[in-house]
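Under this note's numbering, think of the first position of the sequence shown as 5, with each following residue one higher.
Backbone N, C-alpha and C define an ideal beta-carbon position, used for all residues, glycine too.
Okay, structure first, notes after.
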Amino acid sequence: MRTTRVAGTLLAVQIMLSAQAAAGTFLNAQQRRLPLAPILPKGDEVAPFFEGWYRNDDGTFTLSFGFFNLNSEQILDIPIGTDNFIEPAEFDGMQPTHFPVRPRRDRGVFSVTVPASYADGEQRVVWTITANGLMNATPGRVGIPALQLDYGPRAMGSVPPVVRFGPDGPEGQHVQGVWSEPRTATVGEPLALTLWTEEVSVRAPDDMVNAVVDVAATWFKYQGPPAAVSFDPVRVTVEGGTGEAATTAVFSGPGEYVLRARVDNWSANDSTGGDQCCWTNAYVRVTVTR
């Protein structure tokens, strides 16, 4: 009897979906799946995520965005344009165009800072992605209490590391991060990339678990043409949290790229991406020629 009921349920779902498709109703990948279906290796969606909002001291607000590539194997490059855009248009252009499968869910990869007028809670910044013919959009806005983030320390004192692209260069912190001066590179030739990190968390004197926390810089292709970028090493650990983190990047094709480093102290027991803490973004624009 149980087998018959399950089979009947699945058949009913199939009939319902077929009827919706015949009627012209848009079906996303989740709706096409049967219950308990496995994760698709390819052909699925990329979902933009609004992570939350920060209140800034100058009266502005910062909105944090991330994404989830629902495919287990398909890496997607979706250029800024009709399939990858932000509205209002004044905020368009900072979003990623490269969506890897490691990590499939990446939090706080970029931010948008909006004027004080967004305090009305009515104005929105909307990120729309169409992948494999499936469109998703997420609206970011100020005023949702459950999504309000803060710059303060976590329970054991963790805050994002301070990051520079030079020992005495401009510094950045939090999701807003820091930008390098533009760089140039040649296809197939290693490009040296160096960050300087500073662990500035304030911990209790008797906190032996977090007495020494390492900082790690993990590199990603962020924007660019559908060509591979390899890093060696892809993740650099700075013991004690303060010091130099060096890697090299090799580009397999010419074009305009943006690289991103996520610099985190997730070795601390109060610091994780799921808690929207504690990492700093670092970005590099690179023009690659043959």
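In the three-state reduction of the DSSP assignment, E248 falls in the strand class, which pools E and B.
A residue is called buried once 16 or more other Cβ atoms fall within 10 Å of its Cβ, and V206, having fewer, is exposed. Under DSSP, T134 forms a beta bridge with M139. DSSP, read as helix, strand or coil, puts A221 in strand.
About 14 Å separates the beta carbon of A189 from that of W223, a gap too long to meet the 8 Å contact definition.
Residue burial annotation: L197 is buried, with at least 16 other C-beta atoms found within 10 angstroms of its C-beta. With contacts defined as CB atoms closer than 7 Å, W270 and T276 qualify as a contacting pair. Your pair A253 and L263 checks out as a contact, with CB atoms roughly 6 Å apart and the cut at 8 Å.
Remark: C-beta atoms of R187 and V292 do not approach each other more closely than 7 Å. Given a length threshold of 4 residues, the segment 235-292 has no whole run of the alpha helix (DSSP H) inside it. Along the segment 91-165, the beta strand (DSSP E) occurs as fully enclosed runs of 3 or more residues at 109-118, 129-135 and 138-144, listed in sequence order. In this structure, P229 is the residue among P229, W131 and G244 with its C-alpha nearest to the C-alpha of I79.
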